[in-house]
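Asker: Next up is a structure, given as structure tokens.
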């Protein structure tokens, strides 16, 4: 069974290939169903071949497919272990639901088939990433998900903003990929191989603390790009230009968590570099706070969720940064459920309102779209971290681990806790502005509940968001035990041992969450939306002008430098020298050509003179005179 | 033994003669005849590829016919893992380039003859084992290329053609001087007036100062061909003004004469000088990577943009070559072929667009992905292949180069990594401006998507790019031994030791770039 | 002694002929001067025991070549006094200096060996008859001799071609511009 | 006075110089041609004189070759002069300056 896990990648890949060529012929909804079936088949296969890990009947294994780059000794290998299983199940499970949803959402799009080809391509790429058995194959997946992300964000390429957003996403991701790439260079130089098993196994003997720190910080650069962390998060809010299923699948549930997965996977290296761990955790928690403050004032229904995603991934990075890998992965899983749910719900709303995304023109949708509303309520409670929904367990496990670790991490814990309050606040604001209060949409739109292919996935995900917390409660560490084989080489940070401390911490965060909900509830369930004026709102609405800052500091000077290279250095200096040499030679030729008088007798005189000189020289040289 | 390589060179020559001999009143025969004439060398090249003994480091299918015993000149041909794929690449690109020349209406016959002679010259460059024969082929290439740019080029073609020829001729003068000097030294060794036989030159034991001079003489010619910053300004002009097929061949094969020359002659014959100058050359390569990419970003002309991207990509090859590691050089050879495929394809695609709209200015387009969806898809594919997307061939080359150069030149490898970012910027920005958004210019609304002939031209390239990206092993298996032999020669004749990545790697203290 | 007198007389004649050729304004006189010189040289060949060459000299040069010259002079009608003023700058002084220089250098160079007579005619029995020359020509120098055959053939064909096509070929358009 | 090769050589030198002066000083193509013939003859004289002095017949053979080549040259050269004259109606070489740079 394990030998066949390449099928997990092959199924959606074949689906993508078929759809690229035959998508138009299959038409709607055939193309969508084909895509959904391939992903669902992958999911089923993953369940069947991964279930053995629970009972311990299957052991982690590396599958060698073929020799890929013999020059580097790199083979195409896949690694099948509980960590990969977890990610695979999330990717294919949530992926299949979102595929299904997209059949309804993309209804009537002229490039329906192409859309599903891209979605399938993404699933195949993401599975390559998570199943990779060495760094090179992981990098392949790492870049290919960037490609699929680009294709899907720019799917409606007729809109210049969509095209620009796709490009921005890919380029910013590539900046992160550069860090990953350099990390691979250092790893290859240090180990002579990129194979996970060898690298992690021999890391303690081979790596000095300095080299380990360098490698892990470079990996962090990669993670900040892919997972939209400070300072490379800027692409994700723009990525909302893509169709909403894309936002749900790629920019909420799966691809953006690749950085978390990667840090968890390379935990054996981070283990050797405590400094890096502290930096990773700090980056994570600061991102969580930073993005949450921006999310508060956003008015676009999807941008709130985008910043919320950045913030939540900040939590995960925080978790894996301080070596609480299970907690980080746990939050990754639960977040995949409720964030996908939120996005799909937002998509349902947008779909119902004919493309409207401004929350100030929504409100009062709870009666019109009951299924969407109630599933959103669950998602809202889950992400806010209300007991006993999924977000509560996973978030508090991370915070608990931080508290238990102490030192610097206590400070980070406090920030994380405050962020939980902010999260509850902005998510309540989001829910209230969308579904509660009075309708503010214009008269010519007629919102309606979405078809079953869209609400079906909502219900399933709502179910998952409610109960996923049971995966890893403090009493029953199912996920932790499941993931055990993957984290054998690392020492995990765990929440406090004492159930009392855990309960106290949970209670504290629950109080803050409820406080956030109450404050926002009172503020936003009024008939009129409160005026969001003032410096704080203004600054955060514009995201602290980080995009402008990057534009001014990097993009404009970069373009100016390029233009200077092209015009001055190439055009004037180098070509000036070349053409100047040309002119000099030509001028010299013109001067010499006046010697070419055309008078035969002058030539004869010069010739005779030359012969005479040679003659005299010969005689003198020969000693005759 | 069957003289495969001579036949390989002769086939396009015979083709050229056949095309030239076609009756004047049957102009419609010229195109199919030329296409057929370029398909024959492809078949021959595939035969060579098939019969090539993998795992052998030395030259194979050697032919040697001596012309002059005392001067040591002869018709000596041979092929090894380094030249094998360049020969195949040449043979693959020419039929496609000729097939893409359907729109040439003016003096078609002369055009096709030029193309076929060019092919013969390029094939000759890669299989010559006699330096004088090599030089002859190296120079023969100039003539048809000059004609192609000068006669069938666009706009500023006269300037571009002249610049191209003068630049390269300038370098060739040094090359000839170097070859003759080397031949005289070799002649002393083997007891003749001179010897131009490459294999005689392998055990010369030149003093390091002699090596330095000869390295410089060979190096200038090859650096211009590559081209290396700051000797590169002929390239954008030549690529831009050349007709489509000319650009394809220029970028696809002609530039590789430079990188091939560095590897075949400089590294092999002057190992001490190569070791001494490796870092200088690698720095120049990295400057090329960054500079070419940076300049490409702001080009308003899409062909010029791709031309500058070539400078960037060729910088990678040079970096890999002068990193002096097995991986770096193997990656470099691989990248030579891969760049030929991707950039050749990009030029073919631009040519197809140019045939429709007769402009290469980026701002004359916009939103044409909705008018030409297939074209846009193929272009995007090639753009990503060129930007080194994994699972496509460009990645294998660049990845191997970067991982291979880090052990010896860590700082440069890290900076070269930025080239990967810049590649994404210039390609995607160009794609955005040409293909996405609404159709702004009404004259673009009626553009026809790719026709079957055009799809047939790019399809083989797509297949090759994917195949080489997913399963490069057959190719690397053949390149590997020959590259190892180069490294072993350097190690045998100098005190340089190529680092083997791994826990035992000793990175020289002054180069441990990071701490 | 008698030989020396003969040499002296004909040497003077040769020099006079050459000088006349050089300065005569009318090409006909130049031709006659050259004729004199050539005839004198034929006499020298006799003095030098080169009888066959002397005969050839008279037949070919004085007979054929000079006749050809005269014929051409008459045909193209330049048998009249011409303007001998010099238009090229410094051509005349340079020419004279070069001529004197040549003569000087050759004489200086050869003086050691020739005039002192150290290498006087040591081998009196050199027989420049047809037989000896033919032995040499058809023995050692067969291939160059055959080369001259080709040369003469080519010259003949070339001359005919020039005569045949020269005047009838396309004339340049007379644009009234003075050649510079 | 005995007659030695040196006398002939000296005379030949002077004749050669006169011929050279003719080439340089005369504008008439025909006279220039004659001057060239004179120079050839001067050289021939040295050959024959040397042949006599060294007792070898090769000098005369060389002279023979020179005469043959000169004859060929004269025919072609005169033909060219005639052809040029047909176009230009002049034998003045200073007027034939088409190759001026």
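Chains as they are written, first to last, in my numbering: chain Y, 85 to 709; chain C, 2 to 516; chain B, 2 to 181; chain H, 53 to 153. The beta-carbon is built from N, C-alpha and C at its ideal position, and this holds for glycine as well. As the structure is a computational prediction, the values presented were derived from the model and not from experiment.
1) Given this structure, state the Cα-to-Cα distance separating residue 120 of chain B from residue 58 of chain H, to the nearest angstrom.
2) Applying a beta-carbon distance threshold of less than 7 Å, which residues of chain B neighbour residue 685 of chain Y?
3) Run the CB neighbour count on residue 274 of chain Y, radius 10 Å, all protein chains shown included, and call it buried at 16 or more, exposed below.
4) Which whole-angstrom value is the C-beta distance of residue 550 of chain Y and residue 473 of chain Y, which I expect to be below 8 Å?
5) Give the residues of chain H in contact with residue 688 of chain Y, contact being defined as C-beta atoms less than 7 Å apart.
6) Would you kindly work out how many angstroms separate the C-alpha atoms of residue 143 of chain B and residue 73 of chain C, rounded to a whole number?
7) For residue 625 of chain Y, which option in Y/495, Y/391 and Y/693 has the closest C-alpha, if you only look at C-alpha atoms?
8) Could you check whether the Cβ of residue 549 of chain Y sits closer than 9 Å to any Cβ belonging to chain C?
9) Taking residue 402 of chain Y and residue 372 of chain Y to be in contact with their CB atoms under 8 Å, please state how far apart those CB atoms are, rounded to whole angstroms.
10) Determine the burial state of residue 257 of chain C: buried for a count of at least 16 other Cβ atoms within 10 Å of its Cβ, exposed for fewer.
11) If you compare alpha carbons, which of C/89, C/107 and C/144 is closest to residue 1 of chain C?
12) On the criterion of 16 or more Cβ atoms from any shown chain inside 10 Å, does residue 544 of chain Y qualify as buried, or is it exposed?
13) Is any beta-carbon of chain B found at less than 9 Å from that of residue 692 of chain Y?
14) Counting contacts by CB-CB distance shorter than 9 Å, is residue 75 of chain B in contact with chain H?
15) What's the call for residue 203 of chain C, buried or exposed, on a 16-neighbour Cβ count within 10 Å?
16) Would the segment 71-83 of chain B count as touching the segment 27-42 of chain B if we require 3 or more Cβ pairs under 8 Å?
17) Can you tell me where the beta strand (DSSP E) with residue 729 of chain Y in it begins and where it stops?
18) Identify the contact partners of residue 100 of chain H in chain B, using a Cβ-Cβ distance below 7 Å as the criterion.
19) Could you pull the start and end residues of the alpha helix (DSSP H) that residue 160 of chain Y belongs to?
20) Taking C-beta to C-beta, are residue 235 of chain C and residue 165 of chain C nearer than 9 Å?
21) With DSSP collapsed to three states, give me the class of residue 490 of chain Y.
22) With a threshold of 9 Å between beta carbons, is residue 425 of chain C in contact with chain Y?
23) Taking 7 Å as the limit between beta carbons, can you name the residues of its chain near residue 589 of chain Y, skipping five residues before and five after?
24) Taking only beta-carbon positions, decide if residue 679 of chain Y is within less than 9 Å of chain B.
25) Looking at residue 67 of chain H and residue 97 of chain H, is the spacing between their C-beta atoms short of 9 Å?
26) At a CB-CB cut-off below 8 Å, which residues of chain Y make contact with residue 95 of chain B?
27) Quick one: is residue 422 of chain C near chain Y, going by C-beta distance under 9 Å?
28) Which chain H residues are close to residue 1 of chain B, counting only those with a beta carbon under 9 Å from its beta carbon?
29) Short check: CB of residue 203 of chain Y to CB of residue 232 of chain Y, under 9 Å?
30) Am I right that residue 164 of chain Y and residue 144 of chain Y are in contact with their C-beta atoms under 8 Å? What's the rounded C-beta distance?
31) What residue from C/13, C/183, C/287 and C/119 has the CA that sits closest to residue 420 of chain C's CA?
32) What number of angstroms, rounded off, separates the C-alpha of residue 469 of chain Y from the C-alpha of residue 499 of chain Y?
33) How about residue 665 of chain Y: is its C-beta nearer than 9 Å to some C-beta of chain B?
34) Give me the chain B residues within the contact set of residue 128 of chain H, using Cβ-Cβ distance strictly less than 7 Å, ordered along the chain.
35) So is residue 279 of chain Y in contact with chain C if we call contact Cβ pairs under 9 Å?
36) Under 8 Å Cβ to Cβ from residue 149 of chain Y, same chain only, skipping five residues before and after it: list those, please.
Answerer: Taking the coordinates as given:
1) Low confidence applies to residue 120 of chain B: its pLDDT is 49, below 50, so where it sits in the model is not reliable, and the reading given next is rough at best. Rounded to whole angstroms, the separation of the alpha carbons of residue 58 of chain H and residue 120 of chain B is 8 Å.
2) 89 and 92, listed in chain order.
3) By the neighbour-count rule (16 or more Cβ atoms within 10 Å), residue 274 of chain Y is buried.
4) That pair is a contact at about 6 Å.
5) In chain order: 75 and 76.
6) Their backbone Cα atoms lie some 32 Å apart in a straight line.
7) Checked all of Y/495, Y/391 and Y/693; the closest Cα to residue 625 of chain Y is Y/391.
8) No, its Cβ sits nowhere closer than 9 Å to a Cβ of chain C.
9) Contact check for residue 402 of chain Y and residue 372 of chain Y: beta-carbon distance about 6 Å, within the 8 Å limit, so the pair qualifies.
10) Label assigned to residue 257 of chain C: buried.
11) Any question about residue 1 of chain C goes unanswered here, given that chain C covers just 2 to 516.
12) It counts as buried.
13) Residue-level contact check: residue 692 of chain Y touches chain B, since one or more beta carbons of chain B fall below 9 Å from its beta carbon.
14) Not one chain H Cβ lies under 9 Å of residue 75 of chain B.
15) Residue 203 of chain C is exposed by the Cβ-count criterion.
16) In the pairwise beta carbon analysis, the segment 71-83 of chain B is classified as touching the segment 27-42 of chain B: at least three pairs are separated by under 8 Å.
17) It is not possible to answer for residue 729 of chain Y, since the shown part of chain Y is limited to 85 through 709.
18) Within 7 Å Cβ-Cβ: 46, 49, 51 and 54.
19) First-last for residue 160 of chain Y: 158-164, but that is the beta strand (DSSP E), not the alpha helix (DSSP H).
20) Taking C-beta atoms as the reference points, residue 235 of chain C and residue 165 of chain C count as a pair closer than 9 Å.
21) When secondary structure is reduced to three states using DSSP, residue 490 of chain Y falls in the coil class, being assigned neither helix nor strand.
22) Under the Cβ distance rule, residue 425 of chain C counts among the residues neighbouring chain Y, one pair being separated by less than 9 Å.
23) Here the set comprises 480, 483, 484 and 487.
24) At a cut-off of 9 Å between beta-carbon atoms, residue 679 of chain Y makes no contact with chain B.
25) Yes, the Cβ-Cβ distance between residue 97 of chain H and residue 67 of chain H is below 9 Å.
26) Ordered by position in chain Y, the residues that pass the 8 Å Cβ test against residue 95 of chain B are 689 and 693.
27) Yes, residue 422 of chain C counts as interfacial toward chain Y.
28) Not covered by the structure: residue 1 of chain B. The range shown for chain B is 2 to 181.
29) With contacts defined as CB atoms closer than 9 Å, residue 203 of chain Y and residue 232 of chain Y qualify as a contacting pair.
30) Beta-carbon to beta-carbon, residue 164 of chain Y and residue 144 of chain Y are separated by about 7 Å, close enough to satisfy the 8 Å threshold.
31) When each option's Cα is compared against that of residue 420 of chain C, the closest is C/287.
32) Straight-line Cα distance between these residues: approximately 16 Å.
33) Cβ-Cβ to chain B under 9 Å: no for residue 665 of chain Y.
34) Against chain B, a Cβ distance below 7 Å from residue 128 of chain H picks out 156, 159 and 160.
35) Taking Cβ atoms only, chain C never reaches closer than 9 Å to residue 279 of chain Y, which makes this a no.
36) Within the same chain, and ignoring the five residues on either side of residue 149 of chain Y in sequence, the residues whose Cβ sits closer than 8 Å to its Cβ are 90, 159, 160, 161 and 162.
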